[in-house]
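Residue numbers (the numbering used here): 710 to 940.
Each residue gets a CB set at the ideal place from its N, CA and C atoms; glycine is no exception.
Some notes on the structure that comes next.
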């Protein structure tokens, strides 16, 4: 909150009264929370609520915000945000046994719980956008990123000598593995819904074409990489 106040003073702009009251209330709550827990982070605590709103609201404005959250203006993917989004979806709902007895009668359904049907619907909407003509640049960047990941695990000049740790490869492998684990947990929460989504995607010609483009690009790059090593 202090950083927000600094920006307001630096650029000399004022907020509507309603927004100012909300910010003041949020600042007071943040101060109280940090007094009890110095490690408390407002953004991380509010993130599940923000994600739930983005994923469950089928309105075109919210879907556009979700795309802007995950995709840059040039079409590249914000992988860090996607990883956090998948991790938030895959987290289990709150355990009522761990809640303060005085709060158990209150409605806690919005805390770290997601309507998986809405999540699948928003995922399908995002995939359809990527497969559309408007998503051509996104597909190009996706293929590029997949090739970069493959490069990390293929033999080449960038790999360290045998016996030495591959720090870059280890970090990337850890990120990919954790992401797959989070996605697997999300799928296990509603396997029927995700299976139905997969079947709908498999019926789309655009999906088959994109898979073929990925396989062709990775295969061609691997052949060129191996050929250059044998020269």
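If you check the CB distance, residue 767 and residue 831 come in under 9 Å. Nearest neighbour of residue 763 by Cα position, chosen from 786, 917, 797, turns out to be 797. Take residue 902, set aside five residues on each side of it, and the residues of its chain with a beta-carbon closer than 7 Å to its own are 825, 826, 829, in chain order. If you draw a 10 Å sphere on the C-beta of residue 929, you find fewer than 16 other C-beta atoms in it, and that means exposed.
The shortest CA-to-CA distance from residue 884 to any of 775, 723, 795 is the one to 795.
With a cutoff of 9 Å on beta-carbon distance, residue 785 and residue 852 are scored as not near each other. By a beta-carbon distance limit of 8 Å, residue 835 contacts residue 776. Their separation comes to about 7 Å. In this structure residue 823 is buried. Its beta-carbon is surrounded by 16 or more other beta-carbon atoms within 10 angstroms. Out of 770, 772, 931, 740, the CA that lies nearest to the CA of residue 860 is found in 931.
For residue 798, the uninterrupted alpha helix (DSSP H) segment begins and ends at 788–799. Each of 926, 754, 743 was checked against the Cα of residue 854, and the nearest Cα belongs to 926.
Rounded to whole angstroms, residue 881 and residue 727 show a C-alpha spacing of 44 Å. According to DSSP, residue pairing for residue 780 in a beta bridge involves 786. Rounded to whole angstroms, the Cβ separation of residue 780 and residue 787 is 7 Å, and the two are in contact under 8 Å.
Excluding residues up to 5 positions away in sequence, 888 lie with their Cβ nearer than 6 Å to the Cβ of residue 792 in the same chain. Annotation for residue 750: no alpha helix (DSSP H) segment contains it, and DSSP assigns it neither H nor E. Taken through DSSP and simplified to helix, strand or coil, residue 824 comes out as coil. Contact check for residue 749 and residue 742: beta-carbon distance about 4 Å, within the 8 Å limit, so the pair qualifies.
In its chain, beyond the 5 residues on either side, 795, 798, 799 have a beta carbon closer than 7 Å to the beta carbon of residue 895. In this structure residue 737 is exposed. Its beta-carbon is surrounded by fewer than 16 other beta-carbon atoms within 10 angstroms. The Cβ neighbour count for residue 919, taken over all protein chains shown within 10 Å, is at least 16; the residue is labelled buried. Within 10 angstroms of the beta-carbon of residue 924 lie fewer than 16 other beta-carbons, which makes it exposed.
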